[in-house]
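Numbering (the numbering used here), first residue to last: 182 to 444. Here is the structure we will look at, set down as structure tokens.
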């Protein structure tokens, strides 16, 4: 019988994974971040297609559930493909930085986060531009995607921030949980569940939210760059609070407490 790893072992695994991510060459980091950007667009498109198909016949509630189930595959693609998504890069690299004896690795962390954020957006936006060509998407899907974009930019700032906190918490918790399992099947299940929860609650991951808005802009939504910038800033702040604050720092504290008890 397989014994589940204890928190200290999970943290040690995270340190190893964090080292791998921080030690990537610039070319590797650019490529994997770019791939993650266009990969997650498949989830956005699946969400739009399914909601457009289901809502006319079964109503908004059923369409929302079905769309959430469709979006979940995006996180499966990301996790199985081992690509770099912005929020997914919080727990493991910080674990490595905390465990390092001689440095907080500020430079490598900033490099990882800035390159990942930028190339996630570039890769996703280019794929969005391709899919926005007239006739590329099934009938009804563009209207659904425009509706998603308007929903994101017209939320109250407080609600957007809170949804960003929850989204950051979920994705970073996924990173932690992935270090606790060994099989590909378990990784797929965890990734899919988190992807569905993100979409059901319409909780915000900044890259996914940005690409939703950009999709709407390409498809003719009356949204300006200023609205995109504000939404991005609010969601990013929420993701940092949830991902780095609620999940990463509390697990770091747990690890430090365990070390003190053992000492």
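For every residue, glycine included, the Cβ atom is placed at its ideal position computed from N, Cα and C. In this text, all values refer to a predicted model and were calculated from it rather than measured experimentally.
query                                                                                                                             : result
Inter-residue spacing [alpha-carbon to alpha-carbon] between residue 287 and residue 202                                          : 14 Å
Given 8 Å, three or more beta-carbon pairs between the stretch 226-243 and the stretch 307-323                                    : yes
Selection from 373, 353, 371 and 368 that minimises the alpha carbon distance to residue 387                                      : 353
Backbone CA spacing between residue 438 and residue 193 [nearest angstrom]                                                        : 14 Å
CB contact flag (residue 415, residue 338, <8 Å)                                                                                  : yes
Own chain partners of residue 254 with C-beta closer than 8 Å, once the 5 adjacent residues on each side are dropped              : 223, 224, 227, 373 and 376
Cβ shell of residue 396 (< 6 Å), same chain only, five flanking positions each side left out                                      : 309 and 326
Whole-Å CB distance - residue 252 paired with residue 412, under 8 Å assumed                                                      : At roughly 19 Å, the Cβ-Cβ gap does not stay under 8 Å, so residue 252 and residue 412 are not in contact.
Candidates 341, 317 and 236, of which the one nearest residue 418 by Cα                                                           : 341
Alpha-carbon to alpha-carbon, residue 368 and residue 281                                                                         : 27 Å
Residue 435 versus residue 237 - alpha carbon distance                                                                            : 49 Å
Proximal residues to residue 346 (C-beta, below 8 Å), its chain only, five neighbours per side dropped                            : 419, 420, 422, 423 and 427
Cβ shell of residue 360 (< 7 Å), same chain only, five flanking positions each side left out                                      : 191, 194, 195 and 198
Unbroken alpha helix (DSSP H) run spanning residue 214, endpoints                                                                 : 207-239
Residue span of the alpha helix (DSSP H) that contains residue 441, given as start and end                                        : 431-443
C-alpha distance - residue 440 paired with residue 357, whole-angstrom precision                                                  : 18 Å
Chain-order list of residues whose beta-carbon lies under 7 Å from that of residue 333 (same chain, five-residue window excluded) : 390, 393, 394 and 412
For residue 214, the nearest candidate out of 188, 269 and 348 (CA to CA)                                                         : 269
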